[in-house]
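Everything below concerns the one structure shown next.
What follows is the structure, given as structure tokens:
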């Protein structure tokens, strides 16, 4: 078990470009979460998946953002037409929902800088 | 989600205990108290959680007030590796998905 991994770790892009991030959860974890963290703030929830179904989306997730989790394994988060305000750390977490309190395990994050 | 209040920062000396307070006066009966911490340049990591009784694990202890309106995370012997931002989070276990709602947390500085 290698933990949650995210790729890339860093991404610099120009305003207006599209970017895609990948998250590989801990194997057999059925829940996957995306959060965003700006400098000096705590992480903010964006969306979560139970297996392949996207069950909740935050109002922070504008129509420029889309997330997928095909086959309930890895997930991708795409941002279209990036804006400078999208600059942040994007964190992925996974957990195993088994009827008890599920602990979330976070990846190292992808730091996005929009120039 | 119920709100928590934590001091912005605390300092401690290495190998001394650290007591991190958290106020959650609007906690509901189904809210669990969770603590996560975030080391520099890393994602958050789980520390401990509890409902009503005090809890201990290898990382820390959680002391919960009898009325559940406050709690304290206790690091028994702080090390330099414990320098991090510590988040106190209430989570309603009835809610589907159980997303975490982070506040500003407490930044802990450990001095050698």
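Chains as they are written, first to last, in the numbering used here: chain S, 5 to 119; chain L, 558 to 669. C-beta atoms are modelled at their ideal positions from N, C-alpha and C, and glycine is treated no differently.
- For chain S, the residues of the region 596–617 of chain L that bring a beta carbon within less than 7 Å of one of its beta carbons are 599, 600, 601, 602, 603, 606, in chain order.
- In the DSSP assignment, residue 61/S forms a beta bridge with 51/S.
- A residue is called buried once 16 or more other Cβ atoms fall within 10 Å of its Cβ, and residue 50/S is buried on that count.
- Following the DSSP letters along the chain, one finds residue 582/L in no beta strand (DSSP E), marked with neither H nor E.
- The beta-carbon distance between residue 44/S and residue 660/L, rounded to whole angstroms, is 12 Å. This is too long to meet the 8 Å contact definition.
- Membership of residue 642/L in the beta strand (DSSP E) is indicated by the continuous run 641–649.
- When Cβ-Cβ separations below 8 Å define contact, residue 643/L makes no contact with chain S.
- Following the DSSP letters along the chain, one finds residue 10/S inside the beta strand (DSSP E) bounded by residues 9–11.
- Annotation for residue 664/L: the continuous beta strand (DSSP E) segment containing it runs 663–668.
- Excluding five sequence positions before and after residue 29/S, the CB atoms of its chain that fall closer than 6 Å to its own CB belong to 8, 36, 98, given in chain order.
- Using a CB distance below 9 Å, the part of the region 649–660 of chain L facing chain S consists of 650, 653, 654, 655, 656, 657, 658, 659, 660, ordered along the chain.
- Neighbours of residue 107/S in chain L, taken as residues at a C-beta separation under 7 Å, are given in chain order as 603.
- When the beta-carbon positions are compared, residue 90/S and residue 65/S stay at least 8 Å from each other.
- For the pair residue 110/S and residue 600/L, the CB atoms are nearer than the 8 Å cut-off.
- A residue is called buried when at least 16 other Cβ atoms come within 10 angstroms of its Cβ; residue 57/S does not meet this threshold and is exposed.
- The shortest CA-to-CA distance from residue 12/S to any of 75/S, 71/S, 19/S, 26/S is the one to 26/S.
- In summary, the residues of the region 15–38 of chain S whose CB is separated from some CB of chain L by less than 7 Å are 37, in the order they occur in the chain.
- By the Cβ test, the region 68–81 of chain S is not in contact with the region 561–576 of chain L, since fewer than three Cβ pairs between them sit closer than 8 Å.
- Sorting 629/L, 635/L, 612/L by C-alpha distance to the C-alpha of residue 571/L places 635/L at the top.
- Contact annotation, residue 100/S with residue 22/S: C-beta distance approximately 32 Å; criterion of less than 8 Å not satisfied.
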